[in-house]
Each structure stands twice: as C-alpha cells, then as structure tokens.
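Novice: Below you'll find the structure I mean.
2 protein chains.
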Amino acid sequence: MKDVIENKLKLRSVKPTAMRLLVLQCLMEQNRALSLNELEALFENADKSTIFRTLKTFQENYLVHRINDGSGAIKYALCDDDCICSLEDNHIHFLCTKCEKTYCLKDTPITTPNLPNGFRANFANYLIEGICSTCT
Amino acid sequence: MKDVIENKLKLRSVKPTAMRLLVLQCLMEQNRALSLNELEALFENADKSTIFRTLKTFQENYLVHRINDGSGAIKYALCDDDCICSLEDNHIHFLCTKCEKTYCLKDTPITTPNLPNGFRANFANYLIEGICSTCT
DNA sequence: CTAAACTTTGCAATGGCATTGCACTCCTTA
DNA sequence: TAAGGAGTGCAATGCCATTGCAAAGTTTAG
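As they're listed, the protein sequences go chains A and B. The opening residue of the first sequence carries number 1 in the UniProt record's numbering; numbering runs sequentially from there. The opening residue of the second sequence carries number 1 in the UniProt record's numbering; numbering runs sequentially from there.
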C-alpha cells in the first residue's frame with residue numbers, strides 16, 4: 001500500500017514527505033472528493049495551511065483535481081495516473097444532497113455539446129446533485 | 001420597457017419596489033449573469049445587503065437562478081418566464097476566462113447522462129470555461 | 001563533516017464573499 | 001390617522017481560501 005502511494009508521487013516527481021503521503025493515502029482510502037476541512041479533521045494535529053499547500057502541489061502535478069460542488073468549500077479528488085487535467089479528463093461529479101458527499105463519476109464522461117458560434121471550450125465542470133446509491 | 005419589467009414581477013407576484021425594478025432591469029439589459037458585487041457597482045448608492053435580499057426574493061419566485069461559476073462569487077441570471085428551476089430548466093453556463101463574463105446558453109440544454117445504479121439526479125450544474133465569441 | 005541554500009511546515013494574520021440582526025423608513029390598510 | 005408589515009441601510013459575523021514570516025528539516029557544495 002505504502003509503495004503504491006510513493007509510486008504515485010514518484011510518477012509525478014513530487015517529493016514524498018510525511019504529510020504528502022498521509023494526504024494522498026486519505027484521498028485514496030476515502031474514494032471520494034474531500035474538502036480542506038474534511039482532510040484537516042481526519043488528521044487532528046496537522047495544520048490547515050500545510051494541507052492546503054500540499055493539495056496545491058498535488059494540483060500542479062496532476063495528482064488531484066479541485067471540484068467546485070457548490071457546497072461552499074472546494075473539494076479535492078484523486079486524478080487517474082494518466083490524467084493531465086485536460087478537457088478530455090473532465091468527468092461528471094455527483095453531490096449527494098443527503099450525505100453531502102461528492103463523488104467522481106469517472107465512468108460517466110462529459111459530452112461537450114455544440115457551443116454557439118465563436119465559443120471555444122477549454123474546461124468543463126459538470127455537477128449533478130441528487131441522491132447517491134447508499135442514501136437511496 | 002418599464003412595463004415589461006413590471007409585468008415580470010407581477011407574473012411572479014413580487015411587489016415592484018424601486019430597487020427590484022432597477023435590479024431586474026440591470027439583469028435584462030446586461031443579458032448575462034452578474035455577481036452581487038457587479039450589481040452593486042452598477043448602482044453606486046445601493047446597499048449590498050439590499051441587493052442580496054432582492055436577489056433572494058427573486059430566486060424564491062423563480063425570477064432569477066444562481067450560478068456557481070467557480071469565480072468565487074455567485075452569479076445571478078434571469079429565468080425564462082415559464083421557468084420553475086427544475087432539472088428541465090437547467091442549461092449550460094459559459095464562463096469566458098478572458099473577459100470573466102458568464103453567460104446562460106439557454107439554447108444548449110443539458111443532456112443528463114445515465115448515472116450509475118442507485119443514483120438519482122435532482123439538479124444539474126454544467127459549466128463550461130473557455131473563450132466567448134467576442135473575445136475570440 | 002559542516003555550513004549554506006533550499007524546501008517544507010506551523011502559526012497567525014488577511015481578505016473576499018455570503019449572510020444576518022437591528023433599527024429606521026416607507027407603504028398599506030383598517 | 002395610527003398600527004402593522006414590508007423593505008432598506010448599516011454594521012456586524014462567520015466561513016473559507018490564501019499568504020507572510022519564522023522555525024524546522026533536508027539537500028548540496030566545499
């Protein structure tokens with residue numbers, strides 16, 4: 001397990017500090033998108049700004065992507081190993097309004113519609129709100 | 001013109017105060033989604049909280065919908081006259097990363113994808129970022 | 001082996017935006 | 001015309017993202 005995490009970091013040329021290993025592990029275990037506050041709560045004794053900067057580093061190296069799910073707090077979720085956060089990597093996110101958890105629906109790719117003349121798309125953020133399978 | 005605005009309010013049973021007429025007019029004229037700060041700047045001498053509450057009233061009566069375009073500030077845009085802000089009324093929003101303006105693409109309805117088993121959709125927020133036709 | 005240079009971390013602000021309590025004004029209505 | 005309710009303005013408050021600065025840790029050059 002630890003090897004998998006370290007490999008993920010190595011793959012993206014990010015130095016494996018203790019904090020980074022922990023944050024990455026959390027994101028892998030939870031298997032959903034987490035906010036800064038949620039992550040902080042999972043650690044108890046880590047500083048929020050350190051986690052923030054850890055996540056920033058992760059973003060810059062395509063380890064995580066940020067999700068704006070309208071909850072007020074930005075959520076962070078793991079990227080796939082071959083992700084470069086391009087339009088093609090964008091996928092639908094699902095916010096359950098009951099349990100308040102946000103999931104990546106990686107198997108549900110976004111179909112970019114035909115835009116009006118002169119509009120060009122660089123990035124898509126498609127959020128669906130509803131009830132998730134465990135809350136049904 | 002003024003009649004059109006007053007009618008919109010009457011249609012939704014919202015009393016036409018001076019502030020409400022002004023805010024509604026702004027939203028009609030700009031033909032795009034505006035943030036609270038943008039609206040405040042257009043008036044110079046109106047209080048932000050008054051505009052906020054005006055917009056809240058508008059939302060509650062399906063006159064405007066709020067858009068989370070990831071800019072940090074919520075944007076507000078006019079609803080169609082027959083809108084009840086249901087899933088069917090949801091449409092794509094476009095944020096131009098050059099001029100920072102957000103538009104409703106009402107002619108580009110959202111196609112809701114097939115969700116994984118057990119997931120049910122109630123609301124969709126589909127935002128596309130890119131370059132708009134006037135910035136191309 | 002050691003000192004300098006750089007990176008990471010923790011603490012303590014700061015700033016932006018949404019939201020609300022309270023008092024004042026205005027408008028409606030009995 | 002007085003009372004009640006609706007609308008407005010001002011001044012907080014709170015939440016979240018972000019950053020400056022100094023301490024601690026790590027790497028590198030000599």
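Where a beta carbon is used, it is the ideal one built from N, C-alpha and C, also for glycine.
Between the region 63-74 of chain B and the region 42-53 of chain B, can you find at least three pairs of beta-carbon atoms closer than 8 Å?
Specialist: Counting Cβ pairs under 8 Å, fewer than three are found: no touch.
Novice: If you drop the 5 nearest sequence neighbours on each side, which residues of the same chain put their C-beta closer than 8 Å to that of S71 (chain A)?
Specialist: Hits under 8 Å: S35, L95, E100, T102.
Novice: If contacts are defined as beta-carbon pairs under 8 Å, then A124 (chain B) and T112 (chain B) qualify, I think. What distance do you get, rounded to the angstrom?
Specialist: Yes, A124 (chain B) and T112 (chain B) are in contact; Cβ-Cβ is about 6 Å, under 8 Å.
Novice: Would you say I51 (chain B) and V23 (chain B) are within 8 Å of each other, going by their C-beta atoms?
Specialist: Yes, these two residues count as a Cβ contact at 8 Å.
Novice: Determine whether the Cβ of S133 (chain B) lies closer than 8 Å to any Cβ atom of chain A.
Specialist: Chain A, which has a Cβ nearer than 8 Å to the Cβ of S133 (chain B), makes this yes.
Novice: Closer than 7 Å between beta carbons: that is the criterion. Which residues of the region 14-31 of chain B meet it against chain A?
Specialist: So the list is empty, because no residue satisfies the distance condition.
Novice: Among residues of its own chain, excluding the 5 on either side of Q25 (chain B), which ones have a beta-carbon nearer than 7 Å to its beta-carbon?
Specialist: Same-chain partners within the cutoff: I5.
Novice: Quick check: is the beta carbon of A121 (chain A) nearer than 8 Å to any beta carbon in chain B?
Specialist: Yes, A121 (chain A) lies at the interface with chain B (some Cβ there is under 8 Å from its Cβ).
Novice: Considering just the uninterrupted stretch of the alpha helix (DSSP H) at L105 (chain B), what are its terminal residues?
Specialist: Where L105 (chain B) is concerned, there is no enclosing alpha helix (DSSP H), although the beta strand (DSSP E) it sits in stretches over 102-109.
Novice: Sorted by chain position, which residues of the same chain lie with C-beta nearer than 6 Å to L38 (chain B)'s C-beta, five sequence neighbours on each side aside?
Specialist: Before going on, a small fix: residue 38 (chain B) reads as Glu here, not Leu. Excluding residues within five positions, none has a Cβ falling inside 6 Å.
Novice: Should D3 (chain A) be counted as a contact of the ligand NAD given a C-beta to heavy atom distance under 7 Å?
Specialist: The model on display carries no ligand, and the ligand NAD is accordingly not part of it.
Novice: If the criterion is Cβ atoms closer than 8 Å, does the pair R120 (chain A) and I131 (chain B) meet it?
Specialist: Yes, the Cβ-Cβ distance between R120 (chain A) and I131 (chain B) is below 8 Å.
Novice: Can you tell me whether DSSP reads A77 (chain B) as helix, strand or coil?
Specialist: It is a strand residue.
Novice: For a test of the three-state rule: what should DSSP assign to R32 (chain B), helix, strand or coil?
Specialist: R32 (chain B): coil per DSSP, three-state reduction.
Novice: Can L9 (chain A) and R20 (chain A) be called in contact, C-beta distance under 8 Å?
Specialist: For L9 (chain A) and R20 (chain A), yes; Cβs fall inside 8 Å.
Novice: Going by C-alpha distance, which of B:H93, B:L55, B:K56 is nearest R32 (chain B)?
Specialist: Of the candidates B:H93, B:L55, B:K56, the one whose C-alpha sits nearest the C-alpha of R32 (chain B) is B:H93.
Novice: Specify, as a first and last residue, the run of the alpha helix (DSSP H) that V64 (chain B) falls within.
Specialist: It is not in any alpha helix (DSSP H) - V64 (chain B) instead sits in the beta strand (DSSP E) that spans 64-67.
Novice: According to DSSP, is C96 (chain A) helix, strand or coil?
Specialist: The answer is strand: DSSP assigns C96 (chain A) an E or B state.
Novice: Helix, strand or coil: how does DSSP classify N122 (chain A) here?
Specialist: Three-state result, N122 (chain A): strand.
Novice: Would you report the Cα separation of L84 (chain B) and T136 (chain A), rounded to the nearest angstrom?
Specialist: One detail in the question is off: residue 84 (chain B) reads as Ile in this sequence, not Leu. Approximately 25 Å, taken between the alpha carbons.
Novice: What first and last residue would you give for the alpha helix (DSSP H) that runs through K15 (chain A)?
Specialist: Looking at the DSSP string, K15 (chain A) is not in any alpha helix (DSSP H), and its letter there is neither H nor E.
Novice: If you check the beta carbons only, do E129 (chain B) and N7 (chain A) fall under 8 Å apart?
Specialist: For E129 (chain B) and N7 (chain A), no; Cβs fall outside 8 Å.
Novice: Step through the CB atoms of chain B and report whether any lies within less than 8 Å of the CB of Y62 (chain A).
Specialist: Not closer than 8 Å to any Cβ of chain B, the Cβ of Y62 (chain A) fails to qualify, so no.
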